[in-house]
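Asker: Just so it is clear: in the sequence shown, position 262 is 266 by this note's numbering, and no numbers are missing. All residues carry an ideal CB built from backbone N, CA and C; glycine is no exception. Please read all numbers here as calculations on a predicted model, not as lab measurements.
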Amino acid sequence: MALLLGVLVAASIGSADFLSGLAARRMRTSVVVTLSQLWGLAVLGVFLAITDRTLPPVRDQWLGVFAGLGLVAGICCLVRGLAIGRMSVVAPAAAAIGAAVGVVYGFIIGERPGTIAVIGVVLAIAAVVLIARVAEHHEADVGASPAHARRIVASRSQEVVLAVGAGLTLGVTQIFFAAASDDAGMWPVATSRLTAGVLAGIFVLSRVRSDGAPERLTAGDARLVASYALLDTLGTCLLIEAFRQGLVSLVAPVAALFPAATVLWARLILHDRMNRGQLVGFGLAAAGLVLIGLG
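1. Since I believe Met31 is in contact with Leu203 (beta carbons under 8 Å), could you give me their beta-carbon distance rounded to a whole number of angstroms?
2. So which of Val284, Ala100 and Asp236 has the shortest CA-CA distance to Asp21?
3. Since I believe Gly72 is in contact with Trp198 (beta carbons under 8 Å), could you give me their beta-carbon distance rounded to a whole number of angstroms?
4. If you pair each beta-carbon of the region 173-185 with each one of the region 57-69, do three or more pairs fall below 8 Å?
5. If we call anything under 9 Å between Cβ atoms a contact, is Ala27 one with Leu82?
6. If Val208 and Ser34 are in contact, beta carbons under 8 Å, what's the gap, nearest whole angstrom?
7. Quick one: using the 10 Å Cβ neighbour count with 16 as the cut-off for buried, is Leu8 buried or exposed?
8. Classify Thr55: buried if its beta carbon has 16 or more other beta carbons within 10 angstroms, exposed otherwise.
9. How many whole angstroms separate the CB atoms of Ala128 and Gly10, which I take to be in contact at a CB cut-off of 8 Å?
10. With DSSP as the reference, label Phe262 as helix, strand or coil.
11. Where does Leu23 sit, in a helix, a strand or coil, going by DSSP?
12. Alpha carbon to alpha carbon, what distance is there between Ala104 and Ile206?
13. Decide if the region 94-102 is in contact with the region 39-46; the criterion is three or more beta carbon pairs, one per stretch, under 8 Å apart.
14. Do Ala265 and Ala15 count as a contact pair if the criterion is CB distance below 9 Å?
15. On a CA-only basis, which of Ala230, Ala270 and Asp187 is nearest Ile244? Give me that one, please.
16. Which residue from Leu23, Leu12 and Val13 puts its Cα closest to that of Leu274?
17. CA-CA distance, Ala131 and Ala53?
18. Do the CB positions of Val94 and Leu86 come within less than 9 Å of each other?
19. With a threshold of 6 Å on Cβ separation, who are the neighbours of Ala230 within its own chain once the five nearest residues in sequence on each side are excluded?
20. Looking at the structure shown, is Val50 part of a helix, part of a strand, or coil, going by DSSP?
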């Protein structure tokens with residue numbers, strides 16, 4: 005059951021990340037994060053009001069707050085990376101790093117991944133390095149002017165930094181969720197959404213005051229962010245349930261297969277392309293994640 009939940013998490017979050025990348029190309033990243041977290045909180049609020057009105061222990065509430073801090077940082081990095089970079093590069097790199105964080109945490113708390121899982125971690129890290137090197141250097145070697153080549157390298161470097169930041173912070177966020185007790189229900193998710201929404205909202209309001217005009221959303225923008233919020237919230241709730249039924253070092257890597265959904269949507273709708281080196285890097289990332297799950 006834990007493996008099935010992990011696959012459902014990957015499908016939900018991968019699809020949500022694709023929608024978030026589209027939304028961030030039409031509006032500010034901070035606006036996307038704020039609205040998605042608040043809408044996700046509203047959905048969870050209704051769910052909890054119907055199914056679980058008992059507040060969890062204070063410890064679990066604080067774990068939700070800490071998860072929210074990591075969540076807002078990770079989502080901002082990921083959404084921004086998906087908006088300015090290539091989804092086929094940002095998503096796999098972030099996933100590989102997040103999976104490695106989960107395996108390391110599992111080892112610290114006493115879980116012992118097998119040899120296959122260790123090989124998977126090595127492959128995942130190698131994939132990140134390969135994807136990063138290709139992203140930084142490939143387009144600078146196709147005959148562009150020196151100035152244009154430098155701009156390409158700078159853009160790709162930012163893409164990689166955002167992917168690494170997203171992987172680390174979202175990996176740590178998973179640790180806080182995994183540490184919550186079984187009695188906490190889905191309250192840690194609600195607390196994390198509230199924390200992330202408030203922090204992102206404060207940033208948005210500060211930008212409005214400095215820019216002098218609020219963000220204007222069309223009906224299409226609102227539907228896009230709402231769809232992202234629903235899928236992301238569903239994926240997070242499934243992730244917590246998966247952690248309760250299986251090892252963190254097993255569930256985290258399986259859930260980290262979410263780039264498969266992101267890249268699939270990107271190729272089908274946006275016609276994203278990867279050069280040969282990036283295909284090798286993505287293949288290593290996928291192989292590494294599968295081996296981690298099998299181990």
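Answerer: Judging by the given coordinates:
1. Not really, about 18 Å apart at Cβ, beyond 8 Å.
2. Asp236
3. According to the sequence as given, residue 198 is Leu; it is not Trp. With 8 Å as the limit, Leu198 and Gly72 qualify as a contact, their Cβ atoms being about 7 Å apart.
4. yes
5. no
6. The beta-carbon distance between Val208 and Ser34, rounded to whole angstroms, is 5 Å. This is short enough to meet the 8 Å contact definition.
7. exposed
8. exposed
9. That belief does not hold up - the Cβ atoms of Ala128 and Gly10 are roughly 16 Å apart, past 8 Å.
10. coil
11. helix
12. 32 Å
13. no
14. Their beta carbons are under 9 Å apart, which means Ala15 touches Ala265 by this criterion.
15. Asp187
16. When each option's Cα is compared against that of Leu274, the closest is Leu23.
17. Each residue's alpha carbon lies about 44 Å from the other.
18. yes
19. Trp43
20. helix
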